[in-house]
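Trainee: The listed protein sequences correspond, in order, to chains A and B. The number in this note's numbering is simply the position in the first sequence, starting from 1, with 11 added. The number in this note's numbering is simply the position in the second sequence, starting from 1, with 92 added. Idealized CB from N, CA, C, for every residue including glycine. Since we're looking at a predicted model, the values are computed, not measured.
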Amino acid sequence: GENVEQHPSTLSVQEGDSAVIKCTYSDSASNYFPWYKQELGKRPQLIIDIRSNVGEKKDQRIAVTLNKTAKHFSLHITETQPEDSAVYFCAAISSGGSYIPTFGRGTSLIVHP
Amino acid sequence: DTGVSQNPRHKITKRGQNVTFRCDPISEHNRLYWYRQTLGQGPEFLTYFQNEAQLEKSRLLSDRFSAERPKGSFSTLEIQRTEQGDSAMYLCASSPGGIHYNEQFFGPGTRLTVL
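1) Quick check: the segment 154-170 of chain B against the segment 89-100 of chain A, are at least 3 beta-carbon pairs closer than 8 Å?
2) Which residues, in order along the segment 128-146 of chain B, keep a beta-carbon less than 8 Å from a beta-carbon of chain A?
3) Using 7 Å as the limit for Cβ to Cβ distance, is Pro200 of chain B near chain A?
4) How many whole angstroms separate the CB atoms of Val31 of chain A and Cys101 of chain A, which I take to be in contact at a CB cut-off of 8 Å?
5) Kindly list the residues whose CB is nearer than 8 Å to the CB of Tyr110 of chain A, restricted to its own chain and excluding five residues on each side of it in sequence; keep chain order.
6) Is the beta carbon of Ser119 of chain A closer than 7 Å to that of Thr35 of chain A?
7) Tell me which same chain residues have a C-beta within less than 7 Å of the C-beta of Gln56 of chain A, skipping the five on either side of it?
8) Distance check for Val96 of chain B and Pro188 of chain B, CA to CA, integer angstroms please.
9) Taking the alpha carbon of Thr105 of chain B as the reference point, which residue from B:Lys149, B:Asn194, B:Ala159 and B:Gln176 has its own alpha carbon closest?
10) Just the Cα atoms here: how many angstroms apart are Gln109 of chain B and Asn99 of chain B?
11) Tell me which residue opens and which closes the beta strand (DSSP E) that Glu148 of chain B is part of.
12) Does the CB of Glu195 of chain B have a neighbour CB from chain A at under 7 Å?
13) Measuring CB to CB, does Lys6 of chain A end up less than 7 Å from Ile61 of chain A?
14) Could you give the distance in angstroms between the alpha-carbon of Thr113 of chain A and the alpha-carbon of Pro124 of chain A?
15) So which of B:Leu124, B:Arg123, B:Gly134 and B:Ser179 has the shortest CA-CA distance to Gln17 of chain A?
16) Report the neighbours of Gly66 of chain A on chain B: residues whose CB is nearer than 7 Å to its CB, in chain order.
17) On the DSSP bridge list, what partners appear for Leu120 of chain A?
18) Would you kindly work out how many angstroms separate the C-alpha atoms of Ser29 of chain A and Leu207 of chain B, rounded to a whole number?
19) Rounded C-beta distance between Arg161 of chain B and Leu124 of chain B? I'm assuming under 8 Å.
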C-alpha cells in the first residue's frame with residue numbers, strides 16, 4: 012500500500028518568514044495530492060491540491076510543487092502570519108483505484124508574532 | 093449549516109460498552125469515509141462507502157467495528173465492547189464522487205474517551 016512520509020514534524024518560524032513542508036510517497040500510481048490545515052480542535056480543511064499532470068500550483072501565499080520522478084511534493088507558505096499556525100497534513104491518492112487517501116503524520120507550524 | 097455534521101461531538105464511555113456515532117454528509121455527496129485520528133497523527137482510513145455500498149475496509153477495522161449507510165445518506169459507525177485503545181477522534185468526510193478524485197469535506201469529528 013501507499014506510504015506517505017512528512018517532514019518536519021514541527022516547524023517554528025517568525026512572522027513574515029517562509030515555511031516549507033515536505034512529503035514523499037511510495038506508490039507511483041498516486042496522482043492527486045491534497046494539503047489540509049487543521050487548527051486546534053477543528054476539522055481538517057483543504058487549502059490546496061495538485062494533480063500529477065502539473066508541477067506547481069499557487070494560490071496567493073501558498074504553493075505546492077510536485078516532483079513525480081522523485082515522488083515528493085512540498086507545501087510552501089510565504090509571508091507567514093500568526094493565523095497560519097496549525098497542523099498541516101499532506102496526502103496521496105490514486106484516483107485510478109479506490110480514492111482512499113493516505114495521510115502524512117502532520118507538521119505543527121508555529122508562527123511567532 | 094450545509095457542511096458535514098457528526099453526532100455526538102464527545103462521548104465518554106466505560107470499557108466494554110458499545111457506542112454508535114452518526115455522520116450526515118453533504119447532500120448529494122455519494123462517497124462517505126470514516127477515519128480515526130489520534131494525537132500527533134494524520135487521519136487513518138477506516139472504511140468507505142459509495143452510496144449505500146461499503147467498498148473498502150481497513151485492516152484497522154476489527155470485528156468490533158461496523159459501519160452502515162442504509163439509504164446512501166447518513167452513516168453510522170458502531171464500536172462494540174470498547175477498549176481503551178479505541179479512544180480517539182473519529183472523523184467522517186464526504187466527497188461528490190465522479191470519475192476523478194474530488195475534495196473530501198470533513199466533519200467536526202466525534203471524540204471518544206474510553207475509561
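Mentor: Here's the rundown:
1) no
2) Contact annotation: in the segment 128-146 of chain B, residues whose CB is within less than 8 Å of a CB in chain A are Gly132, Gln133, Gly134, Pro135, Glu136, Phe137 and Tyr140.
3) yes
4) Contact flag wrong, Cβ pair sits at about 12 Å.
5) Ile104
6) no
7) Tyr47 and Lys48
8) In a straight line, the C-alpha of Pro188 of chain B is about 12 Å away from that of Val96 of chain B.
9) B:Gln176
10) When rounded, the distance between both Cα atoms is 18 Å.
11) Ala145 to Lys149
12) yes
13) With chain A covering only 12 through 124, there is no way to say anything about residue 6 of chain A.
14) 33 Å
15) B:Gly134
16) Neighbours of Gly66 of chain A on chain B: none; closest Cβ ~19 Å, over 7 Å.
17) A:Leu22 and A:Ala97
18) Straight across, the Cα-Cα distance linking Ser29 of chain A with Leu207 of chain B is about 43 Å.
19) 6 Å between Cβ atoms; contact.
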